[in-house]
Amino acid sequence: MPGSFEEFDDSAWDYGDKIFQDWKQALQTSDTYKSIAEATKEHSMAIATEILPPIKGAFNVVYRVDFVTGASSAFRLSIPSYFDSGDEKILAEVATMRYIADKTSIPVPFVFHYGSKEKSPKKLGPFLIMEWIKHDCDMCEVLNAPDIRSPFLNPSIEQEKLLHMYGQMADILLQLSLCEFTSIGSLGVELEDEGGPDVATRPLSLNISQLGNFARVPPSQLPDRDKIFMSSTSYYSALADMHLQQLSFQRNQAVDSADNCRKKYIARQLFRKLARENRLTLEQFQSGPFKLWCDDLRPTNVLVDSEHRIVGVIDWEFSYAAPAEFSFSPPWWLLLTPPDDWEAGLDDWATHYEQRLHTFLHVLEEKESDFIQCGRMTATDLLSRRMRESWTSGDFWVTYAARRTWAFDAIYWKFIDERFFGKNPSGDLTERLALLPTAQVEAMEGFVARKMAEKEQQTLVDWYVPGAELELPPDILNVGI
């Protein structure tokens, strides 16, 4: 992979891996299996005959529990991590699944029960007991190139199969784009008695989780749990601030050199400037409606039967009402491989992507016609048109960079800087520095010196330890604001 993309803190990653290794020892004990059988019997109203060994995903482990009735349930536990948001994540996911089940025809598992770590069997972690969806495989397995383990679209895939898969995913995205809210944030189950799930807490994104775990941004420096956003600009500004917080708080693998640090600092401050000046969002949708969005919606989490028909969509964690620009951006997963994992670089990814985007937009237009005929939407604001405009204008790259801190730098300098600030053929950053407030320019060298010292020290701060706030670096967010 080209060296333009950034790395997590290795020490923080190792710390998280140790948490998992210690925790997993309890996953296959007889006491754990017995506790799971008792919990599923109570909430699924059936006696378990077999509990299969747990399957590990990126964020959870899942047990399949078979019952005497022939039915099955999934017992899912959140994998523990340093950034303690498991209970918050479960609540938001349950609310999202219930909302989707009520408002759309997207097939999601029925939730029998859920609970916090304190209420889980053996107190192993926040948990879900839900319907086990019978399936043949996931959609990624259908689309993936043979003999390649990592997600990579089969370049020789039959057009009919691709149209079938893309068409079903287009239907899902179209339905989600019609789920609208008046604020930005995660949904809450506690609001169900007031008419159904609605925005209740901060938008718990995948990026926030990664910032807390792998950049060690202190929880106190991330949006408060009860923080919801009322405009796209305010949320984009928060995302831009979090990019700067990553650079400030990640102590290891954050910078390669002093010049590398300066370049990252300038990019983040310029992106913050664009966000504050409302240059990254569409004025028409500044105050909503905001659309239901899932950071982790991709073919791997879409279950299909033997005829490749979707039978279930799972893993709705990191879902929230988001700026409309997120939904208007064409899906990155058309190639299965994200741009920041494409070995030949961003330009090559974009070339291959554009070929598949034409196919996807074609089937999306067909779905839109069906929706219009059925009265489910009007022809006044087509998602296909918005996605085409997002790609053509470069807004696709703006939203992608805003959502993904560790992909930000390469994308900013390739697709964003020149678009908003004009050509800079020499590559000299002096011209770009002139765009920043004097206080931010003056703070840069002290910031660089601190990051270079941290690079040598190779330390890791535990922000949950009493007194750790004494380790907080100087506030960089409010300089020059």
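Numbering-wise, full-length UniProt numbering puts 44 at position 44 of the sequence shown, and it's gapless, one number per residue.
Quick reminder that beta carbons are idealized off the backbone N, C-alpha and C, glycines included.
Cβ pair M165, N207 closer than 8 Å: Cβ atoms of M165 and N207: not closer than 8 Å.
Alpha-carbon spacing of P2 relative to T300, whole angstroms: Low confidence applies to P2: its pLDDT is 36, below 50, so where it sits in the model is not reliable enough to give any reading.
Under the rule that 16 or more other beta-carbon atoms within 10 Å means buried, what is P323, buried or exposed? Around the beta carbon of P323, a 10 Å sphere encloses 16 or more other beta carbons of the protein chains shown; the residue is thus reported as buried.
Start-to-end residues for the beta strand (DSSP E) that takes in C294: Counting along the chain, the beta strand (DSSP E) containing C294 begins and ends at 290-294.
Are M130 and F112 closer than 8 Å when you measure CB to CB? In this structure, M130 places its C-beta atom within 8 Å of the C-beta atom of F112.
For Q35, which option in L77, K273, S105 has the closest C-alpha, if you only look at C-alpha atoms? For the record, residue 35 in the displayed sequence is Ser; it is not Gln. Out of L77, K273, S105, the CA that lies nearest to the CA of S35 is found in L77.
Can you tell me whether F75 is buried or exposed? The criterion is at least 16 other CB atoms within 10 Å of its CB, across all chains shown. Classification of F75: buried, given that the 10 Å Cβ count is 16 or more.
Looking at the strands, I want to know which residues DSSP matches up with Y63. DSSP output for Y63 lists F75 as bridge partner(s).
T96 (DSSP reduced to helix, strand or coil): Three-state DSSP puts T96 in a helix.
Could you give the residue range of the alpha helix (DSSP H) that holds M387? Run containing M387: 383-393, per the alpha helix (DSSP H) assignment.
The segment 259-268 in contact with the segment 152-169 per 3-pair CB rule at 8 Å: By the Cβ rule, the segment 259-268 does not count as touching the segment 152-169, because fewer than three pairs are nearer than 8 Å.
Are the CB atoms of D9 and F214 within a distance shorter than 8 Å? Yes.
Pick helix, strand or coil for E7, following the three-state DSSP scheme. DSSP places E7 in coil when its eight states are reduced to three.
Determine the DSSP secondary structure at L429, reduced to helix, strand or coil. In the three-state reduction of the DSSP assignment, L429 falls in the coil class.
Span separating the alpha-carbon of D84 from that of F59: Computed Cα separation, rounded: 13 Å.
Please classify P331: is it buried, with 16 or more other beta-carbons within 10 angstroms of its beta-carbon, or exposed? Counting Cβ neighbours within 10 Å, P331 comes out buried, since at least 16 surround it.
What's the gap between the Cα of D395 and the Cα of D102? Between D395 and D102, the alpha-carbon positions lie close to 32 Å from each other.
How many Å lie between A350 and E141 at the Cα? Spanning the two alpha carbons is a distance of roughly 23 Å.
I'd like the ranges of any alpha helix (DSSP H) spanning at least 4 consecutive residues and lying wholly in the segment 297-330. For secondary structure counted as the alpha helix (DSSP H) over 4 or more consecutive residues, the segment 297-330 holds these complete runs in sequence order: 324-328.
Roughly how many whole angstroms lie between the Cα atoms of T405 and E42? The alpha-carbon atoms of T405 and E42 are separated by roughly 42 Å.
Output the boundary residues of the beta strand (DSSP E) element that contains V111. Start and end: 111-115.
With which residues is D198 paired in a DSSP beta bridge? In the DSSP output, where bridge partners are listed per residue, D198 has G188.
Report the CB separation of Q440 from V398 in whole angstroms; it is logged as a contact under 8 Å. In this structure, Q440 and V398 do not form a Cβ contact; the two beta carbons are roughly 21 Å apart against a cut-off of 8 Å.
How should M45 be labelled, buried or exposed, when 16 other C-beta atoms within 10 angstroms of its C-beta is the threshold for buried? Per the 10 Å Cβ criterion, exposed.
Determine the direct distance from the alpha carbon of P54 to that of F420, and round the result to whole angstroms. Distance from the CA of F420 to the CA of P54, rounded to the nearest whole angstrom, comes to 49 Å.
Please report the distance separating the alpha-carbon of S327 from that of D381. The C-alpha of S327 lies about 13 Å from the C-alpha of D381.
Tell me, to the nearest whole angstrom, how far the beta carbon of V313 is from that of I172; I am working on the premise that it is less than 8 Å. Yes, they are in contact, since the Cβ atoms of V313 and I172 sit about 7 Å apart, within 8 Å.
How many Å lie between I184 and E50 at the Cα? Their Cα atoms are separated by approximately 42 Å.
Residue range of the alpha helix (DSSP H) that L143 falls in? According to the DSSP assignment, L143 belongs to the alpha helix (DSSP H) that extends over 139-143.
Once the 5 residues before and after K264 are set aside, which same chain residues still bring their CB inside 7 Å of it? So the qualifying residues of the chain are L247, V255, D409.
Beta-carbon within less than 8 Å of P289's beta-carbon, same chain only, minus the 5 sequence neighbours each way: which residues are those? Once the five neighbours on either side are set aside, the close Cβ partners of P289 are E180, F181, T182, A324.
Is it true that the CB of S72 sits closer than 8 Å to the CB of V62? Cβ atoms of V62 and S72: not closer than 8 Å.
Closest to E38 by C-alpha separation, out of G70, S120, V94, would be which residue? That would be S120, whose Cα lies nearest to the Cα of E38.
Which of the three DSSP states, helix, strand or coil, is assigned to P2? Residue placement at P2 is poorly supported in this model, since its pLDDT is 36, which falls under 50; the coordinates still yield a value, given next. Looking at P2 - three-state DSSP - the assignment turns out to be coil, as it is neither helix nor strand.
Just confirm the distance between the C-beta atoms of P126 and L336, as a whole number of angstroms; I'd bet it's less than 8 Å. Going by Cβ atoms, the distance from P126 to L336 rounds to 29 Å, so no, they are not a contact pair.
In the DSSP assignment, the beta strand (DSSP E) including A48 goes from what residue to what residue? If you look at A48, you'll find it in the beta strand (DSSP E) that goes 48-51.
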